[in-house]
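K.L.:
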Amino acid sequence: MRDVRRHILEVAERLFYAEGYRAVGVDRLIAEADVAKATFYRHFPTKDDLLVAVLDARDARFREWLAVRVEALAGDPRDRPLAVFDALAELFAADDFRGCAFLNTMVEVASRSHPAHEAAQRHKQRLIDYFERLLREAGVPLASALAPQILLLIDGAIVTAVREGGPGAAARARSLAENLIATARPGRRRR
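The sequence shown maps to residues 11 to 201 in our numbering.
#1: Rounded to a whole number of angstroms, what is the C-alpha to C-alpha distance between Glu42 and His17?
#2: Please find out if some non-hydrogen atom of the ligand SAH comes closer than 7 Å to the beta-carbon of Glu118.
#3: Using alpha carbons as the reference points, say which of Arg132, Gly166, Ile168, Ala153 lies closest to Ala192.
#4: Is Ile168 closer than 8 Å to Leu83 when the C-beta atoms are compared?
#5: Are the CB atoms of Leu62 and Pro151 nearer to each other than 8 Å?
#6: Looking only at its own chain, which residues have a Cβ that is under 6 Å from the Cβ of Gly109, when we skip the five neighbours before and after it?
#7: When you compare each of Phe141, Val64, Ser185 to Tyr27 by their alpha carbons, which one comes out closest?
#8: Please give me, in chain order, every unbroken run of the alpha helix (DSSP H) with length at least 4 that falls completely inside the segment 20 to 70.
#9: Less than 8 Å between the C-beta atoms of Ala22 and Asp66, yes or no?
#10: For Ser154, report the span of its alpha helix (DSSP H) as first-last.
#11: Would the beta-carbon of Arg184 fall within 8 Å of that of Phe95?
#12: Which word fits Leu162, buried or exposed, when buried means at least 16 other C-beta atoms lie within 10 angstroms of its C-beta?
#13: What does a CB cutoff of less than 6 Å around Pro87 pick up in its chain, not counting 5 residues either side in sequence?
#14: Would you tell me roughly how many angstroms separate the C-alpha atoms of His133 and Asp69, rounded to the nearest one?
#15: Is the CB-CB distance between Phe102 and Ala179 below 8 Å?
#16: Taking the straight line between their C-alpha atoms, what separation do you get for Glu188 and Asp44?
#17: What distance in whole Å lies between the Cβ atoms of Val80 and Ala93, which are believed to be in contact at a cut-off of 8 Å?
#18: Does DSSP put Ala183 in a helix, in a strand, or in coil?
#19: Which runs of the alpha helix (DSSP H), 4 residues or longer, sit entirely within the segment 97 to 156?
#20: Mind reading off the beta-carbon distance from Phe141 to Pro91? Whole number of angstroms is fine, and I expect it under 8 Å.
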């Protein structure tokens, strides 16, 4: 027997990412998931509850994927902070890339107090924490100050990749990150 909750989450994630949260109604979600209305509401009392669950599941999967790809792309911990951008280039090149599901959600729900906005913010904070760890493991000083800057570069690269329709923004953001990291390393003169 299939896991109904997980199936509903998968359908919702696909539709929300492709078409947007507000564009997809509950009746469509129920029809696409091929579940009874009562079953849907037993698992997700509101559409907002479903969106938060989708974001939490996507967060866990994305962070796991990113960690695996970064390690595969860079065996040496010193190279891993920049390998993040190489992994992102792979995502940006995908035909179905529509940007960051978390940024898209923040734009759609707008209110910072909305539970989905808070879930998206948690995801971004977890990424900052991950980048900080990568920077520390790479021996980069000021890791806690640089990690949010890395996220800023990534978020900008994501939006640019959507605008341009390709992976080139990841390489440009990587170059900027390389400069930030080089400036933070000991022995580098600041101008």
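Ideal Cβ positions, reconstructed from N, Cα and C, are used throughout, including at glycine.
P.N.:
Checking against the coordinates, here is how it stands:
#1: Locating residue 42 in the sequence shown gives position 32, where the first residue counts as 1. Locating residue 17 in the sequence shown gives position 7, where the first residue counts as 1. Computed Cα separation, rounded: 10 Å.
#2: As for the ligand SAH, it is missing from this structure, which has no ligand bound.
#3: Against the sequence shown, residue 192 aligns to sequence position 182. It is Ala153 whose Cα lies nearest to the Cα of Ala192.
#4: Looking up residue 83 in the sequence shown gives position 73. Looking up residue 168 in the sequence shown gives position 158. Leu83 places its beta carbon 8 Å or farther from that of Ile168.
#5: What you label residue 62 is simply residue 52 of the sequence shown in a count that begins at 1. What you label residue 151 is simply residue 141 of the sequence shown in a count that begins at 1. At residue 62 the sequence reads Val, which differs from the Leu that was named. It is not a contact, given that the beta carbons lie outside the stated cut-off.
#6: Here residue 109 refers to the residue found at position 99 when the sequence shown is read from its first residue. These residues qualify, in order along the chain: Ile168, Val172.
#7: The residue labelled residue 27 in the question sits at position 17 within the sequence shown. It is Val64 whose Cα lies nearest to the Cα of Tyr27.
#8: 36 to 43, 47 to 53
#9: Taking the sequence shown and counting its residues from 1, the one referred to as residue 22 is at position 12. Taking the sequence shown and counting its residues from 1, the one referred to as residue 66 is at position 56. Against a cut-off of 8 Å, the Cβ pair of Asp66 and Ala22 comes out as no contact.
#10: Translated into the one-based positions of the sequence shown, residue 154 becomes position 144. From DSSP, the alpha helix (DSSP H) with Ser154 extends over 153 to 174.
#11: Mapped onto the sequence shown, residue 184 falls at position 174. Mapped onto the sequence shown, residue 95 falls at position 85. Their beta carbons are under 8 Å apart, which means Arg184 touches Phe95 by this criterion.
#12: Along the sequence shown, one-based indexing puts residue 162 at 152. Result: exposed.
#13: The sequence position of residue 87 within the sequence shown is 77, counting from 1. The answer, listed in chain order, is Glu147, Ala148.
#14: For the purposes of this step, residue 133 is taken as residue 123 along the sequence shown, with counting starting at 1. For the purposes of this step, residue 69 is taken as residue 59 along the sequence shown, with counting starting at 1. Going from the Cα of His133 to the Cα of Asp69 covers about 6 Å.
#15: Walking along the sequence shown from the start, residue 102 turns up at place 92. Walking along the sequence shown from the start, residue 179 turns up at place 169. Contact annotation: Phe102 and Ala179 have beta-carbon atoms nearer than 8 Å.
#16: Working through the sequence shown from its first residue, we reach residue 188 at position 178. Working through the sequence shown from its first residue, we reach residue 44 at position 34. Spanning the two alpha carbons is a distance of roughly 48 Å.
#17: For the purposes of this step, residue 93 is taken as the residue at position 83 of the sequence shown. For the purposes of this step, residue 80 is taken as the residue at position 70 of the sequence shown. At roughly 5 Å, the Cβ-Cβ gap stays under 8 Å, so Ala93 and Val80 are in contact.
#18: Numbered from its first residue, the sequence shown carries residue 183 at position 173. Residue state, collapsed to three classes: helix.
#19: 111 to 119, 125 to 147
#20: For the purposes of this step, residue 141 is taken as residue 131 along the sequence shown, with counting starting at 1. For the purposes of this step, residue 91 is taken as residue 81 along the sequence shown, with counting starting at 1. Confirmed, about 7 Å.
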